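These protein sequence lines map, in sequence, to chains A and B.
Residue numbering for the first sequence follows the working numbering, starting at 1 and increasing by one per position.
Residue numbering for the second sequence follows the working numbering, starting at 1 and increasing by one per position.
All C-beta atoms in this analysis are idealised placements derived from N, C-alpha and C, irrespective of residue type, glycine included.
Just so you know, these numbers come straight off a predicted model, no measurement behind them.
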Amino acid sequence: MKVLWSPRSRSIGVVDALGITGVCGLLVARFVPMARLPFWGCLLRQRFGWPCLGCGLTRVADRMSHFNVADAWDANPLGTVAALGFMAAALWTFLHLAFRVPVAELDLSDREWRWVRVALVVLVVANWAFVALKYRHPELFHGA
Amino acid sequence: MQARCPHCTSVFTTDRTGVQFCPSCGRQINVPAPPGAPPPSPPPPPPATPAAAVPGAPGGGSQGQVLPPPAGGPVGPGAPPPGGTLPPGGPGGPARVPGPTPWERRKELGFWRGWGQTLKQSMFSPEEFWSSVRPDGPIGDPILFAWLTLAITSAITAYPNHAISTWLTRLMVSAGQFPPELRRLMEGERSPAFFWGWLVGYVLLMPAFAIIAGGIVHVLLLLTGGAKGGFSATMRAVCYAAGPLLFSLIPLVGGIVGSVYSAVLFFWGLVRLHRSDWWRPVLSFVLLLAFCCCCSFGLGIVVGIAQGVHP
Numbered sequence: 001m002k003v004l005w006s007p008r009s010r011s012i013g014v015v016d017a018l019g020i021t022g023v024c025g026l027l028v029a030r031f032v033p034m035a036r037l038p039f040w041g042c043l044l045r046q047r048f049g050w051p052c053l054g055c056g057l058t059r060v061a062d063r064m065s066h067f068n069v070a071d072a073w074d075a076n077p078l079g080t081v082a083a084l085g086f087m088a089a090a091l092w093t094f095l096h097l098a099f100r101v102p103v104a105e106l107d108l109s110d111r112e113w114r115w116v117r118v119a120l121v122v123l124v125v126a127n128w129a130f131v132a133l134k135y136r137h138p139e140l141f142h143g144a
Numbered sequence: 001m002q003a004r005c006p007h008c009t010s011v012f013t014t015d016r017t018g019v020q021f022c023p024s025c026g027r028q029i030n031v032p033a034p035p036g037a038p039p040p041s042p043p044p045p046p047p048a049t050p051a052a053a054v055p056g057a058p059g060g061g062s063q064g065q066v067l068p069p070p071a072g073g074p075v076g077p078g079a080p081p082p083g084g085t086l087p088p089g090g091p092g093g094p095a096r097v098p099g100p101t102p103w104e105r106r107k108e109l110g111f112w113r114g115w116g117q118t119l120k121q122s123m124f125s126p127e128e129f130w131s132s133v134r135p136d137g138p139i140g141d142p143i144l145f146a147w148l149t150l151a152i153t154s155a156i157t158a159y160p161n162h163a164i165s166t167w168l169t170r171l172m173v174s175a176g177q178f179p180p181e182l183r184r185l186m187e188g189e190r191s192p193a194f195f196w197g198w199l200v201g202y203v204l205l206m207p208a209f210a211i212i213a214g215g216i217v218h219v220l221l222l223l224t225g226g227a228k229g230g231f232s233a234t235m236r237a238v239c240y241a242a243g244p245l246l247f248s249l250i251p252l253v254g255g256i257v258g259s260v261y262s263a264v265l266f267f268w269g270l271v272r273l274h275r276s277d278w279w280r281p282v283l284s285f286v287l288l289l290a291f292c293c294c295c296s297f298g299l300g301i302v303v304g305i306a307q308g309v310h311p
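Pasting the structure below:
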């Protein structure tokens, strides 16, 4: 693995794109009360009793936009990590675009990328298992 | 002689072999001598750039690729129009040298001519077009192209589309048993304030939407191993695939046809610009759908409406 630093410039790269995504998403989550919309809710989960892979991400965005990390983690741990990543990207984007701070770029070999993919699949499955268990058996997490 | 940078895949002209810096991305590369040529010249003293401090590249750099002379002439400001005088490629054909699109050469061709030629080539000769687009370079030009295309389309189609959606909303509200809050929300979409707010916001925020789309797609492409061309290549695919949105000028069916055609061009562009297998962008899109909570939400709405319930 190599860490490459971009030259000092304001050219937009993938970190900036993720930062802009994070800013837009967190602003929407902060100022649009999604959960209070009349039709909001996952009918799929209500109908079949199982959460999907992305279950809880709206709640994560809502809570992270209020800097409520603990409750966001409670809704979806991996989503919380992703939201923290978006926030970090947003901060770095600001520094990069305002002060031309260099951006780090990871250069991974094919083998390392393979490990990243495997790790990600494992994390997603583990995260979903946690969310599903929590939804189906809340007593395990909050006491009887 | 022409060489291709292994980092940014840009093609540049050089008069010597050996260690040097890519004029596009600035990274250190080693251009090998063509077969039968004398040994490479000694490397120049390394300047103090971030790329020179890359671990694993002391005095060496990544191996560049020497390209055969292009059939259409040199690459650069005097290069022939992409997809124009260059010979047709494809499997077994001579390789095209990627270069700037007509839109990126609009100072030379003229603003509207550059836009029109890019539109025409991307929509009606996509294979030639995508093979001739260079994957690197600044992303401002492609974004401007997509912005202009979308602004023209939106300005012409906004009012008819609004009228049609108002009519459809009215039909849905009168036919379906929606909760009162949802009914109020749907009726609110018919107000002039909503219309103008949506139109101006949509057009003004389009560059941000394009960058967001490019960022998300690029990360997913990284995960599927289909992002060999860098973020700039992804942004080019996103933006230059916007041409078919002009089909929205045809009422009703035009928007659907344009969206589907634009998606096809988008995947085509990703495959060509990243030199990737076709399944990698498709898998990225499937992953996006699988993880997007809105997808589940949309499915939930469909299931709910089909079963006549609401949460």
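Classification of residue i by the beta-carbon crowding that lies within 10 angstroms, buried from 16 upward
i	result
E108 of chain B	exposed
A3 of chain B	buried
G230 of chain B	buried
I156 of chain B	exposed
R106 of chain B	buried
M34 of chain A	exposed
D148 of chain A	Outside the shown range of chain A, which is 1 to 144, sits residue 148 of chain A, and nothing can be said about it.
F266 of chain B	buried
H66 of chain A	exposed
Y240 of chain B	buried
L26 of chain A	buried
F99 of chain A	exposed
G61 of chain B	The predicted position of G61 of chain B is uncertain, since its pLDDT is 42 and thus under 50; no value can be drawn from it.
F86 of chain A	buried
A119 of chain A	exposed
L170 of chain B	The question names Leu, but residue 170 of chain B is Arg in the sequence shown. So R170 of chain B ends up on the exposed side.
L204 of chain B	exposed
A79 of chain B	Note that A79 of chain B has pLDDT 42, beneath the 50 cutoff, so the model's placement of it is unreliable and the number below is only indicative. Flag for A79 of chain B reads buried.
H274 of chain B	buried
H96 of chain A	buried
D62 of chain A	buried
M1 of chain A	exposed
L86 of chain B	With a pLDDT of 39 at L86 of chain B, under the threshold of 50, the modelled position of this residue cannot be trusted; read the value that follows with caution. By the 10 Å Cβ count, L86 of chain B comes out buried.
P281 of chain B	buried
R13 of chain A	The identity of residue 13 of chain A in the sequence shown is Gly, whereas the question assumes Arg. Result: buried.
T316 of chain B	The requested residue 316 of chain B is not part of the displayed model; chain B covers only 1 to 311.
D136 of chain B	buried
Backbone secondary structure at residue i - three-state DSSP
i	result
R4 of chain B	strand
T13 of chain B	strand
L106 of chain A	strand
V97 of chain B	coil
V101 of chain A	coil
G13 of chain A	coil
S248 of chain B	helix
G25 of chain A	helix
P81 of chain B	With a pLDDT of only 40 at P81 of chain B, under the threshold of 50, the placement of this residue in the model should not be trusted; the figure read from the coordinates follows. Residue state, collapsed to three classes: coil.
H96 of chain A	helix
S174 of chain B	helix
R8 of chain A	coil
H137 of chain A	coil
C239 of chain B	helix
P55 of chain B	Note on P55 of chain B: pLDDT 35, under 50, position unreliable in the model; no value is reported.
S165 of chain B	helix
I20 of chain A	helix
G76 of chain B	Summary for G76 of chain B: the model assigns pLDDT 41, below 50, so the residue's position carries little reliability; its value from the coordinates is reported in the next sentence. The answer is coil: DSSP assigns G76 of chain B none of H, G, I, E or B.
L123 of chain A	helix
W278 of chain B	coil
Residue range of the unbroken beta strand (DSSP E) whose run includes residue i
i	result
K2 of chain A	K2 to W5
Counterpart residues of residue i in DSSP-defined beta bridges
i	result
Q20 of chain B	B:I29
R133 of chain B	Contrary to the premise, residue 133 of chain B reads as Val rather than Arg in this sequence. Paired residue(s): B:G99.
The alpha helix (DSSP H) enclosing residue i, as first and last residue numbers
i	result
G137 of chain B	Taken as a continuous stretch (DSSP letters only), G137 of chain B belongs to no alpha helix (DSSP H), as it is neither H nor E.
V32 of chain A	Run containing V32 of chain A: none; DSSP gives neither H nor E here.
A70 of chain A	V69 to A75
A61 of chain A	L57 to S65
S259 of chain B	V253 to L273
S122 of chain B	F111 to F124
L44 of chain A	L43 to F48
| query | Which full runs of the alpha helix (DSSP H) of 4+ residues lie inside the region 181 to 231 of chain B, going along the chain? | reply | 192 to 204 and 206 to 224
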